[in-house]
Amino acid sequence: MVHIPRRTISYFDSLSLPVPKLLGQRLTEFMAAEVTSFPGRLDLQVDNRLPQQKNSSDCGIFMLVYAECLVMDLPIGLDTFLSGIEEKRLAIALAILEGKLSLTSRERRQENTSCPASPPFLW
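Position 34 of the sequence shown, counted from 1, bears residue number 34 in UniProt numbering, the numbering being contiguous throughout.
Quick look at the structure:
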């Protein structure tokens, strides 16, 4: 996740793979090429406190849930994360099929829950 005001790149890896050494430099170069008002160098931050997936196929749902928690400014509930993944996957699929969301971001913040919470989800 690129956070321009903080001048950081947060790196989230649900497989505990080594962080590419040039990642921060390459993303900074990309952002400078894409955004004319880009502030310059970004610092790479690696967060190792995230839940880890047990297979090689759940990276998409893990990243969606991480992103939702970050956007909603909710803590990632390490103890409930894995137990909520299947419900989250189904909620996302249903939202895609129906073309709608079941809960607004404002309502989700007002619930002040950890992420992922029990349904209803943001999706």
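Glycine included, each C-beta is placed from N, C-alpha and C at the ideal position. The structure presented is a predicted model; accordingly, all values stated were derived computationally and were not measured.
With 16 as the cutoff for other CB atoms within 10 Å, does residue i come out buried or exposed?
{"i": "Leu74", "result": "buried"}
{"i": "Lys21", "result": "exposed"}
{"i": "Leu97", "result": "exposed"}
{"i": "Glu34", "result": "exposed"}
{"i": "Gly24", "result": "buried"}
Between residue i and residue j, what straight-line distance do the alpha-carbon atoms span, to the nearest angstrom?
{"i": "Ile85", "j": "Val71", "result": "18 Å"}
{"i": "Leu44", "j": "Gln52", "result": "20 Å"}
{"i": "Pro18", "j": "Ile9", "result": "16 Å"}
{"i": "Ser102", "j": "Lys88", "result": "Its pLDDT being 49, under 50, Ser102 is placed unreliably by the model, and the measurement read from it follows with that caveat. Answer to the nearest angstrom: the Cα atoms are 12 Å apart."}
{"i": "Met31", "j": "Asp58", "result": "28 Å"}
{"i": "Leu15", "j": "Lys54", "result": "8 Å"}
{"i": "Tyr66", "j": "Leu94", "result": "19 Å"}
Per DSSP, what are the beta-bridge partners of residue i in this structure?
{"i": "Asp43", "result": "Thr8"}
{"i": "Val19", "result": "Its beta-bridge partners do not exist; DSSP assigns none."}
{"i": "Val2", "result": "Ile9"}
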